[in-house]
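In our numbering, each residue carries its 1-based index in the sequence shown increased by 12.
Beta carbons: idealized from backbone N, C-alpha and C, even for Gly.
Just so you know, these numbers come straight off a predicted model, no measurement behind them.
Each remark here refers to the structure printed beneath this line.
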Amino acid sequence: MFLEPFFRGQRNGWIEVICGSMFSGKTEELIRRLKRANIARLKVQIFKPITDHRYDDQKVVSHDENFIHSIPIAHSKEILNQIDQEVNVVGIDEAQFFDEFLPEVCEELAKQGIRVIVAGLDMDYLGRPFGPMPTLLAISEYITKVHAICPHCGNLATHSYRLGQEAETVLLGEKDKYEPRCRTCYAMGNILDFHLK
Numbered sequence: 013m014f015l016e017p018f019f020r021g022q023r024n025g026w027i028e029v030i031c032g033s034m035f036s037g038k039t040e041e042l043i044r045r046l047k048r049a050n051i052a053r054l055k056v057q058i059f060k061p062i063t064d065h066r067y068d069d070q071k072v073v074s075h076d077e078n079f080i081h082s083i084p085i086a087h088s089k090e091i092l093n094q095i096d097q098e099v100n101v102v103g104i105d106e107a108q109f110f111d112e113f114l115p116e117v118c119e120e121l122a123k124q125g126i127r128v129i130v131a132g133l134d135m136d137y138l139g140r141p142f143g144p145m146p147t148l149l150a151i152s153e154y155i156t157k158v159h160a161i162c163p164h165c166g167n168l169a170t171h172s173y174r175l176g177q178e179a180e181t182v183l184l185g186e187k188d189k190y191e192p193r194c195r196t197c198y199a200m201g202n203i204l205d206f207h208l209k
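In structure tokens form, the structure reads like this:
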């Protein structure tokens with residue numbers, strides 16, 4: 013009761029994380045939430061890593077070609093410099109490609125009363141936690157894990173299987189380089205590829 017006047021009129025911010033494998037609909041869900049915020053006449057800003065130019069340099073684009081305009085940035089702290097004072101909702105796509113300061117930036121935005129919606133791969137192609145995603149999952153209020161369908165068995169896909177032999181962790185690509193797989197088919201690796209040929 014004593015603290016009530018201090019909190020009255022304060023705008024509460026929070027962090028939402030949408031995660032999953034490739035082709036699971038992460039960006040589609042991010043776009044859906046941001047468009048709903050626009051319908052509600054909230055001020056929205058969207059950011060993506062400047063390195064992700066698979067579909068478009070300026071837009072966040074889902075695999076089914078749904079899109080929303082965004083601001084490409086090289087470093088997560090640039091978000092704080094680009095924020096409009098009237099913004100209510102901030103969307104961030106491909107969070108796994110950002111630097112380790114992204115969770116700190118998201119925390120700062122939430123403390124300012126902004127709803128922050130982050131989408132990204134939770135695991136890399138080796139099945140390891142990817143970039144800043146584990147920290148974002150730990151500090152978020154809401155988590156949505158979306159799933160693709162494994163093309164080999166029809167079960168829920170949780171892993172992004174790399175079809176080639178490239179060793180670098182970050183390798184931009186689409187269905188020519190990756191496919192979603194369930195835990196079992198992912199573990200079968202290229203044995204499964206051999207049997208399908």
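Do you know whose CA, among the options, lies nearest residue i's CA?
i: Q94; options: T63, F59, E191, I27; result: F59
i: I62; options: F109, Y173, V158; result: F109
i: R195; options: D188, G143, S172, R45; result: S172
i: T156; options: G37, N24, R23; result: G37
i: P176; options: E191, L168, A169; result: This sequence places Gly at residue 176; Pro is not what is there. G176 has its Cα closest to that of E191, out of E191, L168, A169.
i: L54; options: C31, R127, A122; result: R127
i: K31; options: Y154, E98, P163, V158; result: Looking at the sequence provided, one finds Cys at residue 31 rather than Lys. Of Y154, E98, P163, V158, the residue nearest in Cα terms is V158.
i: G166; options: Y154, I80, Y198; result: Y198
i: Y154; options: I80, I129, P146; result: I129
Can you give the Cα-Cα distance for residue i and residue j, rounded to whole angstroms?
i: W26; j: A86; result: 24 Å
i: E106; j: M34; result: 11 Å
i: E120; j: L42; result: 20 Å
i: D134; j: S82; result: 22 Å
i: A150; j: P115; result: 10 Å
i: Y137; j: R45; result: 27 Å
i: P163; j: G139; result: 18 Å
i: K189; j: D96; result: 37 Å
i: A160; j: K47; result: 22 Å
i: E90; j: P84; result: 10 Å
i: E98; j: L92; result: 13 Å
i: A169; j: I80; result: 26 Å
Can the beta-carbon of residue i be found less than 7 Å from the beta-carbon of residue j?
i: V117; j: S88; result: yes
i: A49; j: V101; result: yes
i: E112; j: P141; result: no
i: V29; j: L148; result: yes
i: A122; j: T39; result: no
i: G103; j: R23; result: no
Based on DSSP bridge pairs, tell me the residues matched to residue i.
i: H87; result: In the DSSP output, where bridge partners are listed per residue, H87 has none listed.
i: P61; result: I85
i: L135; result: Per the sequence presented here, residue 135 reads as Met, with Leu not at that position. P141.
i: P192; result: S172
i: T156; result: I30
i: V117; result: DSSP lists no partner for V117.
i: V128; result: I27, V102
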